[in-house]
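In full-length UniProt numbering, the protein residues as written are 1 to 207. See structure below.
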Amino acid sequence: MSTSEKITRRLRHMRRGVPFSISQFHELGSSASVQKTLSRLAQEGVVERVAKGMYVRPKPLASMPSIKITASAEQVAKKWAQEHGYTLVRQGVESAYRLGLQTQAPVKTVFWSNGASRTFSIGNEVVEVRHVAESKLRWKSRPEGELLRSLTVTPANSVKLSGLKKAISRLKLSESESRTAIRKLKSTHLPEGWHAKLEQFEKEMMA
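The following block contains the structure:
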């Protein structure tokens, strides 16, 4: 069976609308033959190239089957990070907005990562990945990680103790989990004023 036939057969079993990497096909033939086959299939509309080395099987729109949709820019960014073993988390401004520490929603989707900075565009959707220090990626997508990134972009003097309490409640942690999260945050570097505010919050919890 030729490399082209092997790739075509495997593609039939792959979900539409989900991005995949060309590296997933390298075992089926030489790099050159795999690249050539996927390029041909992209020209034929069987797959669509959504980023360097990444493709997707177009998915018919349920209401209008003649219209084909591909993966979202966010899906592509996450697949890229997974492919390279990078950490990918939502930026601090979005975390702060979700937790109510800031009132203005971010104007675009931005992720922080330990990978290279780059931008993914699919149609009108744009997702930006920004390289940041590892310290800003601690605890990844865990609740204390989201709170950490919120605090790094929010001045402590702009948040009342009641606002911090509300933000922590949005994380839906138990009392013991909240205490653990606060202890973790106090042990790391934070912008000026946050250690004192967390200390004050912790004392209020124990009262």
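A virtual CB, placed ideally from N, CA and C, is assigned to each residue, including glycine. The structure presented is a predicted model; accordingly, all values stated were derived computationally and were not measured.
- Annotation for Thr152: the continuous alpha helix (DSSP H) segment containing it runs 143 to 152.
- A distance below 8 Å separates the beta carbons of Leu137 and Trp112.
- The beta carbon of Ala73 lies closer than 7 Å to those of Phe120, Ser121, Ile122, Glu125, Val126, Val127 in the same chain, with the five residues before and after it left out.
- The bridge partners DSSP lists for Glu48 are Val56.
- By a beta-carbon distance limit of 8 Å, Leu38 contacts Val47. Their separation comes to about 6 Å.
- Shown here for Thr3: same chain residues with a beta carbon closer than 7 Å to its own, the five before and five after excluded, namely Leu28, Gly29, Ser33, Val34, Thr37 in chain order.
- Closest by C-alpha distance to Val129, out of Met64, Ala42, Asn114, is Asn114.
- Going by beta carbons, Thr70 and Val56 fall inside the 8 Å limit.
- The C-alpha of Lys59 lies about 31 Å from the C-alpha of Ser95.
- Gly85 sits exposed, since fewer than 16 C-beta atoms from the chains shown fall within 10 Å of its C-beta.
- Across the structure, Lys68 and Pro19 are spaced so that their CA atoms are roughly 14 Å apart.
- If you check the CB distance, Leu161 and Phe201 come in under 8 Å.
- Within the same chain, Lys186 come within 7 Å of His195 by CB-CB distance, once the 5 residues on both sides are set aside.
- In the DSSP assignment, Ile67 falls outside any beta strand (DSSP E) and carries neither an H nor an E.
- Close CB contacts of Pro143 within its chain, under the 7 Å cut and outside five residues either way in sequence, are with Leu171, Leu173, Ala181 (chain order).
- Under the DSSP assignment, Ile122 falls in the beta strand (DSSP E) whose first and last residues are 118 to 122.
- Counting of Cβ neighbours within 10 angstroms places Gln104 among the exposed residues, the total staying below 16.
- In the DSSP annotation of this structure, the continuous segment of the beta strand (DSSP E) that includes Val126 starts and ends at 125 to 131.
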